Amino acid sequence: MLSLRCKICLETMDNSAIPMASLCGHIYCLDCATFHFSTADPFCAVCRKPQTLEKMIRLYTDTDDGSAHDDASAMGEDDQLSLSPVSVRSIERAGEDAAGAVKKAIAGRADMDEALVACNTFVNSVTPRERFHINEELLRDIAFQLTLVQRVLKDNEVQVTRLKEEVQAARAGETKARLRIDQQRRLLKRAEKEQDEAVKGLAALQESYDLLYQQCIVATEDANRTRVRAAKAVNEFEEMEQEMKEWRERAAKATKKVWSLIFLCGHRTRLTTRSIRQYYALKNELKQLKQAAQGPPGPPRRSRPRSDDLEVV
Numbered sequence: 001m002l003s004l005r006c007k008i009c010l011e012t013m014d015n016s017a018i019p020m021a022s023l024c025g026h027i028y029c030l031d032c033a034t035f036h037f038s039t040a041d042p043f044c045a046v047c048r049k050p051q052t053l054e055k056m057i058r059l060y061t062d063t064d065d066g067s068a069h070d071d072a073s074a075m076g077e078d079d080q081l082s083l084s085p086v087s088v089r090s091i092e093r094a095g096e097d098a099a100g101a102v103k104k105a106i107a108g109r110a111d112m113d114e115a116l117v118a119c120n121t122f123v124n125s126v127t128p129r130e131r132f133h134i135n136e137e138l139l140r141d142i143a144f145q146l147t148l149v150q151r152v153l154k155d156n157e158v159q160v161t162r163l164k165e166e167v168q169a170a171r172a173g174e175t176k177a178r179l180r181i182d183q184q185r186r187l188l189k190r191a192e193k194e195q196d197e198a199v200k201g202l203a204a205l206q207e208s209y210d211l212l213y214q215q216c217i218v219a220t221e222d223a224n225r226t227r228v229r230a231a232k233a234v235n236e237f238e239e240m241e242q243e244m245k246e247w248r249e250r251a252a253k254a255t256k257k258v259w260s261l262i263f264l265c266g267h268r269t270r271l272t273t274r275s276i277r278q279y280y281a282l283k284n285e286l287k288q289l290k291q292a293a294q295g296p297p298g299p300p301r302r303s304r305p306r307s308d309d310l311e312v313v
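Residue numbers (full-length UniProt numbering): 1 to 313.
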């Protein structure tokens, strides 16, 4: 006959016991396993390895004494053996912990998956023999909490679907925003390039303007000097013209005087030396007057030679 001993209470488990094994291979009775591995941060009592209640493995043992099992299964509800108060209390505590975990998960204070695993572990660990000793109110509470979990899951599913749609819409909006940002960046780069070109063009225009301004100043100064020279030349021309007029008048007077002398001496056959000298003096004076009246000397003119010499007989 197979004999199993719990590593916590050290009691030998009979055919009615439900042995539970940890992942590391150590054996526990259902009462000790439920009580020990339902605490926070549970671990194996032998090797100290982390171990949770939902990961415990239930063992099904075969014994040579099959008559006891047949006799127990043939008994009615009134003939079932009663469990110890400690075992009943351990099972109820496990059920209460499972129900509490579900309530915390519904309230958002615990993870829903862990709560469902704890509830599933409790339901699977209860044997048909133990069901008659569990408080029905606890079972109804667990069933009610599971119903609430179903509703919460449906609501969460709807909310998840809505959130997925919102995420997809947000991603689409983000893609459009990125495209707009890229377009704005390209436009900004183009505008900056155009601005640089405009600044360079403006600098070139400023240089041209400064050059033209300097040229205008120089041209204005040249024009002023030219205007002054022109005014001076006009004054000199007017003075020269007045002087030429005076010389013409003097030449006309000298000509009249010469012709008067010629007329007076025309009836004489001989001229005195004094008269001849006076004649040549008047002739030279007349020549000078003509030159002065004609203005500054220019290129020689071709003309028929004329002589003002008097014929002396």
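Every residue gets a Cβ at the ideal spot worked out from N, C-alpha and C, and that includes glycine.
From a predicted model like this one, the values you see are computed outputs, not experimental measurements.
Is residue i buried or exposed, if buried means 16 or more other CB atoms sit within 10 Å of its CB?
i	result
L188	exposed
Y213	exposed
T34	buried
I18	buried
M56	buried
Q51	buried
L163	exposed
L91	Before going further, note that residue 91 is Ile rather than Leu in the sequence given. Answer is buried; the Cβ neighbour count reaches 16.
L81	For L81, the pLDDT reaches just 41, beneath the cut-off of 50, and the residue's location in the model is therefore unreliable, leaving the point undetermined.
I262	exposed
S3	exposed
S282	The question names Ser, but residue 282 in the sequence shown is Leu. Answer is buried; the Cβ neighbour count reaches 16.
I217	exposed
I27	buried
A169	exposed
A191	exposed
A204	exposed
Output the distance between the C-alpha atoms of residue i and residue j, rounded to the nearest integer angstrom.
i	j	result
D210	A223	20 Å
Y60	M20	9 Å
Q195	Q215	30 Å
R48	C9	17 Å
D65	R5	In this predicted model, D65 has a pLDDT of only 48, less than 50, meaning its place in the structure is not dependable; the value taken from the coordinates is given anyway. C-alpha separation (whole angstroms): 18 Å.
D113	L138	21 Å
T121	Q184	59 Å
E246	K253	11 Å
T220	R248	41 Å
D71	V46	Residue placement at D71 cannot be trusted, given a pLDDT of 43 that sits under 50; what the coordinates show is reported in the next sentence. Between D71 and V46, the C-alpha separation is close to 36 Å.
R89	C29	14 Å
residue 320	R58	A query on residue 320 cannot be resolved here, the shown segment of the chain reaching from 1 to 313 and no further.
R225	A233	12 Å
S16	H36	21 Å
R186	K193	11 Å
residue 372	A172	With the chain represented from 1 up to 313, any question about residue 372 goes unanswered, as that position is not in the structure.
Let me make sure I understand the geometry here. Which of the options has the alpha-carbon closest to that of residue i?
i	options	result
M244	K232, Q288 and R225	Q288
S38	V46, E54, K103 and V158	E54
A98	R58, Q206 and R140	R140
M13	C24, G25, S22 and D31	D31
A292	R277, A251, W259 and Y279	A251
G25	K154, E96, G100 and C44	C44
A94	R109, A110, D111 and A118	A118
A101	R58, D182, A40 and K154	A40
S22	S16, N15 and K7	K7
E285	R190, T255, S260 and L264	T255
### Message
Is it the case that the region 140 to 154 contacts the region 167 to 182, given that we only count it when at least three CB pairs across the two stretches are under 8 Å?
### Response
no
### Stretch-stretch touch, CB-based, cutoff 8 Å, three pairs: the region 148 to 155 with the region 100 to 110
yes
### Message
Quick check on the DSSP output: what are the complete beta strand (DSSP E) runs of length 3 or more inside the UniProt domain "RING-type" (6 to 48), in order along the chain?
### Response
19 to 21 and 27 to 29
### Message
Could you tell me which whole beta strand (DSSP E) segments of length 3 or greater appear in the region 218 to 242?
### Response
none
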